[in-house]
Amino acid sequence: MKIIMLGAPGAGKGTQAKMIADKYQIPHISTGDIFRANIKNGTELGKEAKKYMDAGQLVPDELTVKLLLDRVANEDCKNGYVLDGFPRTIPQAEVLENALTKLGEKVDYAIDVDVPDENIIRRMSGRRACVACGATYHIVYNPTKEEGICDRCGAALILRDDDKPETVIKRLDVYHAQTQPLIDFYSSRNVLRSVDGTQDLMKVFEDIVAILDASEA
Ligand code: AP5
Ligand code: MG
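If you want it as structure tokens, here you go:
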């Protein structure tokens, strides 16, 4: 099962992708998490990506596409995966589609987690993220058991550098200009499914599971 998560920054893609990956036992692949891990480890890729991320812009395709294609070629992806944050532009979607077509494969679902811009900034200011395992929390909506410590792996949580309100506004602009067109792209492939991302996060997950299980049957 190959799943793509679509949605604005802060819509809950990462939160839902983690739960999907756990339930269906497929890898959760977040390009944002991969870049953040590289930044933390001080790699050349991380240094380059940080410039764009801190400005709320997209990392150029030259740095993103090969990284993703290499990752999905790994052995652990043979039964599928859930992509979170990729593709983010029509050219990225086309590269993925071409690579899958060569293998006789395709994306099964593109799940759009729909949240209006008004809700986003409130969510971002309370977000806490784990760079070690990619888990995401919210100080009000999804708190950890122990403040500042990841429930899943015990690492210290961070506030993301790109969650400042002014950067979030820039990311929303970039989303509307470059990423939202993917909704029509995947709709035209008949794989688009939308869920109301303003609901409680467990209800959002229930809606996603209903979609995935209905079509599996
Ligand atoms: P990335 O890390 O992908 O960021 P993003 O798309 O902006 O999305 P976020 O991770 O901010 O939000 P999310 O939808 O995952 O929400 P979350 O689940 O955390 O990318 C960062 C940057 O990397 C980009 O700006 C770009 O520069 C670069 N990049 C990455 N991929 C790229 C690519 N393919 N091409 C080019 N550049 C790329 O939830 C948000 C908060 O809300 C959390 O606190 C959560 O607990 C809470 N929450 C979640 N669901 C609910 C709910 N239902 N109710 C209440 N609160 C909720
Ligand atoms: Mg995320």
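Numbering-wise, the working numbering puts 175 at position 178 of the sequence shown, and it's gapless, one number per residue.
Think of the CB as a built atom: it goes at the ideal place given N, C-alpha and C, for glycine as much as any other residue.
What you are looking at is a predicted structure, and each value in this text was computed from that prediction instead of being measured.
Counting along the chain, the unbroken beta strand (DSSP E) around residue 3 starts and ends at -1 to 3. For the ligand MG, no non-hydrogen atom lies closer than 7 angstroms to the CB of residue 123. Not one heavy atom of the ligand MG falls within 7 angstroms of the beta-carbon of residue 111.
When C-beta atoms of the stretch 18 to 37 are compared with those of the stretch 74 to 90, three or more pairs fall below 8 angstroms, so the two segments count as touching. Contact between residue 51 and residue 158 holds, with the beta-carbon distance rounding to 6 angstroms and staying under 8 angstroms.
Residue 125 has 134 as its beta-bridge partners, per DSSP.
Taking the Cα of residue 205 as reference, the smallest distance to any Cα among 20, 7, 5 is reached at 20. According to DSSP, residue 80 shares a beta bridge with 1, 26.
Taking 7 angstroms as the cut-off, one finds no heavy atom of the ligand MG near enough to the beta carbon of residue 158.
Contact between residue 108 and residue 0 is confirmed by a C-beta separation of about 6 angstroms, below the 8 angstroms threshold. The beta carbon of residue 193 sits no closer than 7 angstroms to any heavy atom of the ligand MG. Residue 197 carries a coil assignment under DSSP once its states are collapsed to helix, strand and coil.
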